[in-house]
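Same order as they appear, the protein sequences are chains G and A.
Each residue of the first sequence is one higher than the one before, starting from 133 at the first, in the working numbering.
Each residue of the second sequence is one higher than the one before, starting from 133 at the first, in the working numbering.
All C-beta atoms, glycine included, are put in the ideal place defined by N, C-alpha and C.
Single-structure report; data block below.
There are 2 protein chains.
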Amino acid sequence: MNHDRSTHAVLGSPEQIETQFYEALQNGDIDKLMSVWSDDDDIVCVHPGGPRIVGAPAIRASFDAIFSNGAVYAEPQKLRRVLSHSSAVHSVLECVRVIGPEGPQSAWIVSTNVYLKGPQGWRLVCHHASPGSPRELQEIVETASILH
Amino acid sequence: MNHDRSTHAVLGSPEQIETQFYEALQNGDIDKLMSVWSDDDDIVCVHPGGPRIVGAPAIRASFDAIFSNGAVYAEPQKLRRVLSHSSAVHSVLECVRVIGPEGPQSAWIVSTNVYLKGPQGWRLVCHHASPGSPRELQEIVETASILH
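Structure representation (structure tokens):
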């Protein structure tokens, strides 16, 4: 197994790193996928309905298992973000089409992606995905005026 | 409805803000709960199995609805965190005991809590909670050596 990330070094804004992440999912490219993650020991990934997965080796193994059934056609939409100097907290609604043994399936996924800026540039430290609501409405936004 | 947060101003480390958050859940204290959140318009909350909720008014309304069934006895455990100068990305496994009309229920929840440091101090910008695995094991951690 090749853990060398140097051949897939990525640079860019949090948005560009996020694009790399989803391109890697769509291509089933495990090395490219892992290259967007931080080297921190406590990086966390939660797949929809799954437990907490901590650290690059376990995260890599989880995506290897996913990719053994094919690539993941996840398209992030409706980005919401909160930024600071060295962090970017992204919330996206993913429209996911999975090509598996039983054919294509579609689903909505609510994902939080957190990027921190370190010596290597912006890197993913948390990907938390959970199943979207069965309702078509995946988002609730109300203004204060609506409440009164 | 009182949106004044000044009476519940909180200061402290990300850990202290997180403690305030869970104490507010356990006490069903909506004002204290909202006081830990950032003023940013794009703060995001995802309740287990639910859609994305954006902004303080909608988040407040969601917790009002939850508290109408009673307080939430959620105890965060097994903190994992990635820190930068102005951000703290926390992953916790919550043991939740909900006191509802049908009596107490227990569940495991996997939560990501992200705190950013702003002019007001550390504040919560994202709480993403999803149902834990039905297995007892809520966490997968493997070292590289195990994979070879």
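{"Check": "Between the segment 188-205 of chain A and the segment 241-256 of chain G, can you find at least three pairs of beta-carbon atoms closer than 8 Å?", "Outcome": "no"}
{"Check": "Quick check on the DSSP output: the beta strand (DSSP E) that includes Q209/A runs from which residue to which?", "Outcome": "V204 to S216"}
{"Check": "Answer with yes or no whether the minimum CB distance from A197/G to chain A is below 8 Å.", "Outcome": "no"}
{"Check": "For G241/G, which beta-bridge partners are listed by DSSP?", "Outcome": "According to the sequence as given, residue 241/G is Ile; it is not Gly. Beta-bridge pairing links I241/G to E226/G and P263/G."}
{"Check": "Tell me where the beta strand (DSSP E) around I185/A begins and ends.", "Outcome": "R184 to V186"}
{"Check": "Residues of chain G with CB closer than 8 Å to the CB of E271/A, please, in chain order.", "Outcome": "P183, R184, I185 and V186"}
{"Check": "Using the Cα positions of G181/A and A190/A, report the straight-line distance between them to the nearest angstrom.", "Outcome": "17 Å"}
{"Check": "Reducing DSSP to helix, strand and coil, say where I272/A ends up.", "Outcome": "strand"}
{"Check": "Would you mind giving the Cβ-Cβ distance between I162/G and R192/G, rounded to the nearest angstrom? I have them listed as a contact below 8 Å.", "Outcome": "7 Å"}
{"Check": "For P208/A, does the count of other Cβ atoms within 10 angstroms reach 16, so buried, or fall short, so exposed?", "Outcome": "buried"}
{"Check": "Tell me whether S238/G is buried or exposed, calling it buried when 16 or more other Cβ atoms sit within 10 Å of its Cβ.", "Outcome": "exposed"}
{"Check": "For S223/A versus K249/A, is the C-beta distance shorter than 8 Å?", "Outcome": "no"}
{"Check": "Could you tell me whether any Cβ in chain A is nearer than 8 Å to the Cβ of A193/G?", "Outcome": "yes"}
{"Check": "Would you say A190/G lies against chain A (beta-carbon separation less than 8 Å)?", "Outcome": "yes"}
{"Check": "Taking only beta-carbon positions, decide if C227/A is within less than 8 Å of chain G.", "Outcome": "no"}
{"Check": "Looking only at C-alpha atoms, which of G264/G, V221/G and L225/G sits nearest to D172/A?", "Outcome": "V221/G"}
{"Check": "Using C-beta distances below 7 Å, list every residue in its chain close to Q270/A, excluding the 5 sequence neighbours before and after it, in chain order.", "Outcome": "L225, W240, V242 and G264"}
{"Check": "Skipping 5 residues on each side, what residues in its chain have a beta carbon closer than 6 Å to that of W254/A?", "Outcome": "P146, I149 and Y247"}
{"Check": "Taking the alpha carbon of S167/G as the reference point, which residue from S262/G, R229/G, F195/G and R212/G has its own alpha carbon closest?", "Outcome": "F195/G"}
{"Check": "The beta strand (DSSP E) spanning V168/A covers which residue range?", "Outcome": "Looking at the DSSP string, V168/A is not in any beta strand (DSSP E), and its letter there is neither H nor E."}
{"Check": "Look up S219/A in the DSSP assignment and give the residues it is bridged to.", "Outcome": "S216/A and L248/A"}
{"Check": "Would you mind giving the Cβ-Cβ distance between S170/A and V186/G, rounded to the nearest angstrom? I have them listed as a contact below 8 Å.", "Outcome": "Actually they are not in contact, since the Cβ atoms of S170/A and V186/G sit about 26 Å apart, beyond 8 Å."}
{"Check": "By the DSSP assignment, the alpha helix (DSSP H) with E234/G in it spans what residues?", "Outcome": "Careful: E234/G lies outside any alpha helix (DSSP H) and carries neither H nor E."}
{"Check": "Looking at C-alpha atoms only, which residue of S262/A, E155/A and I175/A is the closest neighbour of S272/G?", "Outcome": "In the sequence on display, residue 272/G carries Ile and not Ser. I272/G has its Cα closest to that of I175/A, out of S262/A, E155/A and I175/A."}
{"Check": "For G264/G, go through chain A and note every residue whose CB falls closer than 8 Å to its CB, in chain order.", "Outcome": "P183"}
{"Check": "List the residues of chain G that V257/A touches, going by C-beta distances under 7 Å, in chain order.", "Outcome": "V214 and V221"}
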